[in-house]
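Structure first, then comments.
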Amino acid sequence: MRKLLLYICICLIACTPIGVVAQTIQNAKPHFSYFSISDGLSQNNVSCIFQDTKGFLWIGTHAGLNKYNGKQFENFVNDPEDSLSISDNTIFGISEDIEQNIWIATENGLNKYNREKNYFERYFYSKKNPQKTISDNLIHTVYCDNDGNIWIKTPESIDKINPLTKEIRKYKYEVSVFSKESDNYIHPLFQDSQGTLWFGTKEGLGYFDPEADEIIFYRHDDFRSNSLSNNEVRCIFEDSYNTIWIGTSNGLNSFNRHTKKFSSFFYTPTSLNTINSIIEGKPGELWLGTNNDGLLQFSIQKQSFTHYIHSSIENSISTNQTNCILKDRSDILWIGTRNGLNKLDIKPKKFTIVTDNSKTTDAFSNTTSIYANNSFVFIGTKFNGLYVYNTTTKTSKNYSVVLKNFPDSYITSIYPLSANEVLISGDNSFIVFNVITQSYEPITRRFPEISEFLKYNKRIRCILADKKQNIWIGTSNGVFVYSIPTKKLVHYENKAYKELLFSSSIINTLFEDSNNTIWIGTEKGLTKYTPTTKEFSIVAYTKNLSFQNPHNKVYTLCEDNNKNIWIGTNAGLFKCNPDNETSVIYTEKNGLPNNQIFAILEHNHVLWISTNKGLGNYNIKTNVFKRFYPSDGIQGYEFSQNASWKALNGTMFFGGNQGVNMFHPDSIYDNPITPNLEIQKIVYFVNNEKVTITIHDKKTIRLPWKNNTVSIHFAALEFTQPFKNHYKYIIEGIDKEWHDIENQNQINISNLPSGKYTLKILGSNNDLIWGHERILEIEVETPIWKTIWALILYVVVFAALLFIFIESRTSSLKKANKSLTEKQEAALEIAKQKEELILKNKNITDSITYAKRIQWAIMPSRAKFKQLLPESCILYMPKDIVSGDFYWITEIQDKIFIAAVDCTGHGVPGAFMSIIGYDLLRNITKERKIFKPSEILDYLNKALIELLTKNEMEDDTVKDGMDMSICVFHKTKGILEYAGAFNPLYIIREGKIMTIKGDRFSVGLGNEHEDVPFKNHIIKVQKGDTFYLFTDGYADQFGWQTGKKMKFRRFRHIILSIYKLPFTKQVKALRDELQNWKGELEQIDDVLILGFKLDNYLESMYNKPTE
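Take the sequence shown: its position 996, counted from the start at 1, is 996 in the numbering used here, and no numbers get skipped.
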């Protein structure tokens, strides 16, 4: 009935031949979202908008075409080197034909976008063939009618194109010289519900008469008030009541189909009457885009306008220069302007903002506290004092203004004292307000005992009147409790008690649960007061959460139906079991809008939570969080601490920086519009080359087997809050259950094996209302070697190979039987030889072991070494049973001879050389009486060469020798003589190591240094000197971690680190260091190190009595 009355009203308006001057009506400011180049648009000057049948938005600009899927913009721009790109970047119009091809009007040609093949087909004017080509390359607009024809408007013609036959019918219209179109403005083409095609030009409004096959025009007539208000027609629209509306350069017009007359509507001032676009919001409500003056909202029934313009206020329209408007399937307005794309959701909001039309919109801003009593809502603010809002009349009174001497403009807390009285605290006040009489009295008049408290505590942070008639007052100095029956005031603070009552004296919130326990939230934790025991106790509610700070700021408290205490803090939401005081934590990771919780209210097992970044709710039963944003109707992102109340009828109030929200939880509805899910493209790589497949309406795709990763891109085309749209998918043939990928609109599948798969994808809207599943069959090609023909070939080849194998095997068996006897005989012979080898190996090993005994018997004993050098050590580690390294020590007259020798090779050859060397050294010193180290080496060199070259056969010459170092200590002189063949002498004196280098040639190799004498070195021995002789086996050992040799540098560091130890411990330290270095690696050479001191001989020499 209501709709019929509205239709009758519209018809009466349409029959009115006079213009109407409308008045502006105040309304709540809408919330615009804004998209620009920074969001992916090709340019901010948006010239046209179109939504196709799939749900994609197409946006034309003066710098390219854009396709929007709710998450990303895809840009299409002209590429001079690509004939399949769009012909020009200046876009004037967009339409879709019955085959779902997108047609684009540009400044240089008409374009058809082929969705399936992802390219543009161009249409141009040709002077060579003007009859079969379009009239002009400048296309003002394009429209696809219901019969499949494409209509375009050029500066002097309207062309009808049959896309099947390519036939073009041209309708020329007269163009005045004075109104020659030069500004390239978009003039509309439109087909109404009756099939009539309408055309807007600078010459008036035209429509196509199919019987006459001509265009008939309506024009402005100065002498007829019911004519078109202006000839420059900028937009045409048909509303839900089938009324045609025309926007011109001077006013809005409605057209009466029966009388063929126009009614005109003008906004005051008249400068706002250049109407560029028209769209219908709710039935009977038009939205008009003006040229330079923002948006107009026109009520058809009231014949009134509401004006929306750009301002400094957040979320206003981005500019007043509008070009076009589109309403999509979700009742969202998209406004194209010269400064970006604007979005306005005109659906009813989930939440209502408390407004008083008689006051400014920011009257209830910076809300600090709320209390609702029947139809009255008490709203405390930070700067504007106390408001009482009547929910029935939707009006309010500011008692900070109405009542004289109202004590405060900063209200800190409001709490009911009784059914008709309210406690209200301010920055410097504390009063009792009577709801019936709408008057107040200071609390000190009602309860004089509190006056003493107010002298020192002007600032009250929170109030609670409990069920036992106690008034709890939270301050920055603990808690005050006033008992109304006993008229006593008690101050609870940390200083007055031995044990801490509160983690902090700054009280943020007070709460009484169903057991009458009082919970006290502070700046550093939580305390509870148990009435039965009259005791305070600090609640360690994070004790089972070791990673959580036990001193969080507690802002708000709430109890659910299961008697759990919910704690809102600066670090998240905690559910506390009051019996054992253990908690579960919920944070942004679980779905909270923000971890800073300011207020909590409960309704039917759902918690409503205000935060520092929006409002949310948590369903305790389903464990699901939901978030709400300003676009849902909440007052803003930032809410205020404890500015909340739940009325007896369940209505909830939450206050914040920009006002108060009022709603009943049961009235919060989900967005019922389900999205159409479109798979846009599939991307994969073959031989490192990227391949993109545009899906369009394909049901099946075929992929080559050579693909490592397949990326599938899709979108749920519902734009209410697309960032909250969710997705899930399943690949039948691989997955057993659905994958929930939240708001990710892309999936990557790696190493998809050959075969057939069914991909199913679901998309939801912002309230998780799921649409229909989109199914795509994916077939991954089978490589040639896995095809049926390949398998047949494999069987044939295998059978042939098997036949050859059997024949070969048969022949082999015959030969094997023949040779089996021979092999058995050979096996017996081998076994016999093995026994002989084992026996020989044992004899050889026994001989080598005996040789070791001989070698050790020849070498001086360790006891003799200690006798001659009491302060000494020997590290001797042969690589094999016998060694090529040996040490030698002897005493002749007053001299002690010490040598460390490394014979060429190791094992048995080295052992033979060591015996030769040992015998020669003994002969040189004892028989020939050669005592000088260099001369000993000289003689040893010649003797060894002579001994090893007795055989004159060149091939039998032995190329062996020795690297060695030899010292002679003169006990009576206190000097040490040294000579060396390669091997040096280390002396540690006063913590520093000195290296006495030997000559750079060996003993006995018969090289070019054969006649070069060895150099003799004389060292004056000092007390504390430590000497080391050694071979190269230690330094040449490979390390297990580095794979490199130790080298002498590291060896010197080791010696420096241990030389102060007793010599008995030095041997162990050297052995341990070597073992740690080589690890599990094999020892590569014989190791010999001699260390000694001569302090005992020096003491004897210095203490010898003089004659």
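Yeah, the Cβ is synthetic: ideal placement off N, Cα and C, and Gly gets one too.
Worksheet item: Given a threshold of 16 other Cβ atoms within 10 Å of its Cβ, counted over all protein chains shown, does residue 791 qualify as buried or as exposed?
Response: One-based indexing of the sequence shown puts residue 791 at position 791. With fewer than 16 Cβ atoms within 10 Å of its Cβ, residue 791 is classed as exposed.
Worksheet item: Is it the case that the Cβ atoms of residue 692 and residue 699 are separated by a distance below 9 Å?
Response: Within the sequence shown, numbered from 1, the residue matching residue 692 stands at position 692. Within the sequence shown, numbered from 1, the residue matching residue 699 stands at position 699. No, the Cβ-Cβ distance between residue 692 and residue 699 is not below 9 Å.
Worksheet item: Is it true that the region 311-328 meets the region 583-602, where meeting means three or more beta-carbon pairs spaced less than 8 Å apart?
Response: By the Cβ test, the region 311-328 is not in contact with the region 583-602, since fewer than three Cβ pairs between them sit closer than 8 Å.
Worksheet item: Since residue 1077 is in the alpha helix (DSSP H), which residue starts that stretch and which ends it?
Response: As a first step, residue 1077 must be located in the sequence shown, where it is residue number 1077. First-last of the alpha helix (DSSP H) with residue 1077: 1063-1078.
Worksheet item: So residue 1052 is in the alpha helix (DSSP H); what residue range does that whole segment cover?
Response: Position 1052 of the sequence shown, counted from the first residue, corresponds to residue 1052. The continuous alpha helix (DSSP H) containing residue 1052 extends over residues 1047-1058.
Practice prompt. Using the DSSP secondary-structure output, state which residues sit across from residue 1093 in a beta bridge.
Written response: Translated into the one-based positions of the sequence shown, residue 1093 becomes position 1093. 1026, per the DSSP bridge assignment.
Worksheet item: Thinking C-alpha only, which one of 414, 138, 116 is nearest residue 126?
Response: Locating residue 126 in the sequence shown gives position 126, counting from the first residue. Ranking 414, 138, 116 by Cα distance to residue 126 puts 138 first.
Practice prompt. Taking residue 472 and residue 518 to be in contact with their CB atoms under 8 Å, please state how far apart those CB atoms are, rounded to whole angstroms.
Written response: If you number the sequence shown from 1, residue 472 lands on position 472. If you number the sequence shown from 1, residue 518 lands on position 518. That pair is a contact at about 6 Å.
Discussion item. Here's the rule: buried if 16 or more other CB atoms are within 10 angstroms of the residue's CB, otherwise exposed. What is residue 635?
Written reply: Sequence index remark: in the sequence shown, residue 635 carries index 635 (1-based). Looking at its Cβ environment, which holds 16 or more other Cβ atoms inside 10 Å, residue 635 is buried.
Discussion item. What ranges does the beta strand (DSSP E) occupy inside the region 146-231, keeping only unbroken runs of at least 3 residues that lie completely in it?
Written reply: Annotation: the region 146-231 contains the following complete segments of the beta strand (DSSP E) (minimum length 3 residues), in chain order: 150-153, 157-161, 168-172, 189-191, 197-201, 204-209, 214-218.
Discussion item. Considering only the alpha carbon of each residue, which of 723, 978, 351, 776 lies closest to residue 665?
Written reply: Here residue 665 is taken as the residue at index 665 of the sequence shown, counted from 1. Checked all of 723, 978, 351, 776; the closest Cα to residue 665 is 351.
Discussion item. Applying the 10 Å Cβ sphere with the 16-neighbour rule, what's the burial state of residue 116?
Written reply: Within the sequence shown, numbered from 1, the residue matching residue 116 stands at position 116. Exposed is the call here.
Discussion item. Relative to the C-alpha of residue 480, which candidate in 292, 899, 454, 499 has its C-alpha closest?
Written reply: Walking along the sequence shown from the start, residue 480 turns up at place 480. It is 454 whose Cα lies nearest to the Cα of residue 480.
Discussion item. Please tell me whether residue 933 and residue 977 are closer than 9 Å, where the distance is taken between their beta carbons.
Written reply: Taking the sequence shown and counting its residues from 1, one reaches residue 933 at position 933. Taking the sequence shown and counting its residues from 1, one reaches residue 977 at position 977. Yes, the pair counts as a contact, with Cβ atoms nearer than the cut-off.
Discussion item. Suppose the cutoff is 6 Å on Cβ atoms and the five residues either side in sequence are ignored; what does the same chain contact list for residue 254 look like?
Written reply: If you number the sequence shown from 1, residue 254 lands on position 254. For residue 254, where only same-chain residues beyond five positions count, the Cβ hits under 6 Å are 14, 243, 245, 263.
Practice prompt. Could you have a look at residue 21 and say whether DSSP puts it in helix, strand or coil?
Written response: For the purposes of this step, residue 21 is identified with residue 21 of the sequence shown, where counting begins at 1. Residue placement at residue 21 cannot be trusted, given a pLDDT of 40 that sits under 50; what the coordinates show is reported in the next sentence. Here residue 21 carries a strand assignment [DSSP, helix/strand/coil].
Worksheet item: If we ignore side chains and look at the alpha-carbon of each, how far apart do residue 586 and residue 555 end up?
Response: As a first step, residue 586 must be located in the sequence shown, where it is residue number 586. As a first step, residue 555 must be located in the sequence shown, where it is residue number 555. Distance from the CA of residue 586 to the CA of residue 555, rounded to the nearest whole angstrom, comes to 15 Å.
Discussion item. Please identify the residue among 817, 1056, 373 whose C-alpha is closest to the C-alpha of residue 438.
Written reply: Stepping through the sequence shown from its first residue, residue 438 is reached at position 438. Of 817, 1056, 373, the residue nearest in Cα terms is 373.
Fill in: Counterpart residues of residue 754 in DSSP-defined beta bridges
Taking the sequence shown and counting its residues from 1, one reaches residue 754 at position 754. Paired residue(s): none; residue 754 is not in a bridge.
Worksheet item: What's the call for residue 960, buried or exposed, on a 16-neighbour Cβ count within 10 Å?
Response: If you number the sequence shown from 1, residue 960 lands on position 960. Burial call: buried.
Item to complete: Note down the Cα distance separating residue 1094 from residue 1025, rounded to an integer number of angstroms.
Response: For the purposes of this step, residue 1094 is taken as residue 1094 along the sequence shown, with counting starting at 1. For the purposes of this step, residue 1025 is taken as residue 1025 along the sequence shown, with counting starting at 1. When only Cα atoms are considered, residue 1094 and residue 1025 end up about 7 Å apart.
Discussion item. Assuming contact is defined by CB atoms lying nearer than 9 Å, are residue 470 and residue 493 in contact in what I supplied?
Written reply: Along the sequence shown, read from residue 1 onward, the residue named residue 470 stands at position 470. Along the sequence shown, read from residue 1 onward, the residue named residue 493 stands at position 493. In this structure, residue 493 does not lie closer than 9 Å to residue 470 by Cβ.
Fill in: Sheet register partners of residue 416 (DSSP bridge)
Here residue 416 corresponds to residue number 416 of the sequence shown, with the count starting at 1. DSSP lists 422 as partners of residue 416.
Discussion item. I need the DSSP call for residue 1196, collapsed to helix, strand or coil.
Written reply: This structure leaves residue 1196 out entirely; the chain is present only between 1 and 1107.
Discussion item. Just to confirm, is the Cβ distance from residue 1114 to residue 945 under 9 Å?
Written reply: Residue 1114 lies beyond the range of the chain shown here (1 to 1107); nothing can be said about it.
Practice prompt. Taking residue 129 as the reference, give the member of 383, 167, 444, 646 with the closest Cα.
Written response: Translated into positions along the sequence shown, residue 129 becomes position 129. For the residues 383, 167, 444, 646, the minimum Cα distance to residue 129 belongs to 167.
Worksheet item: Going by the beta-carbon positions, is the gap between residue 205 and residue 189 smaller than 9 Å?
Response: Counting from one through the sequence shown, the residue named residue 205 turns up at place 205. Counting from one through the sequence shown, the residue named residue 189 turns up at place 189. No, they are not a contact pair.
Practice prompt. Measure the C-alpha to C-alpha separation of residue 339 and residue 320 and round it to an integer number of angstroms.
Written response: Taking the first residue of the sequence shown as 1, we reach residue 339 at position 339. Taking the first residue of the sequence shown as 1, we reach residue 320 at position 320. So the two alpha carbons sit approximately 9 Å from each other.
Fill in: Close beta carbons around residue 467, own chain, < 8 Å, minus the five adjacent residues each side
Taking the first residue of the sequence shown as position 1, residue 467 is located at position 467. Excluding residues up to 5 positions away in sequence, 512, 516 lie with their Cβ nearer than 8 Å to the Cβ of residue 467 in the same chain.
Worksheet item: If you count every other CB in all the chains shown that lies within 10 Å of the CB of residue 386, and 16 or more means buried, which is it?
Response: Translated into the one-based positions of the sequence shown, residue 386 becomes position 386. With 16 or more Cβ atoms within 10 Å of its Cβ, residue 386 is classed as buried.
Worksheet item: Which full runs of the beta strand (DSSP E) of 3+ residues lie inside the region 461-528, going along the chain?
Response: Secondary structure within the region 461-528: the beta strand (DSSP E) runs of 3 or more consecutive residues, fully enclosed, are 462-465, 470-475, 478-483, 488-492, 507-512, 518-522 (chain order).
Worksheet entry | Cross-strand partners of residue 559 (DSSP beta bridge) | Within the sequence shown, residue 559 is the residue found at index 559, counting from 1. Partner(s): 565.
Worksheet item: Can you tell me where the alpha helix (DSSP H) with residue 1111 in it begins and where it stops?
Response: Lying outside 1 to 1107, the shown extent of the chain, residue 1111 is not represented and no answer is given.
Worksheet item: So what's residue 810 in DSSP terms, helix, strand or just coil?
Response: Translated into the one-based positions of the sequence shown, residue 810 becomes position 810. Under the three-state reduction of DSSP, residue 810 is assigned to helix.
Worksheet item: Pairing CB atoms from the region 89-96 with CB atoms from the region 117-124, are three or more of them under 8 Å?
Response: These segments do not touch.
Discussion item. Starting from residue 654, trace the beta strand (DSSP E) in both directions and tell me its first and last residue.
Written reply: To locate residue 654, count along the sequence shown from 1; it is residue 654. Unbroken beta strand (DSSP E) run through residue 654: 652-656.
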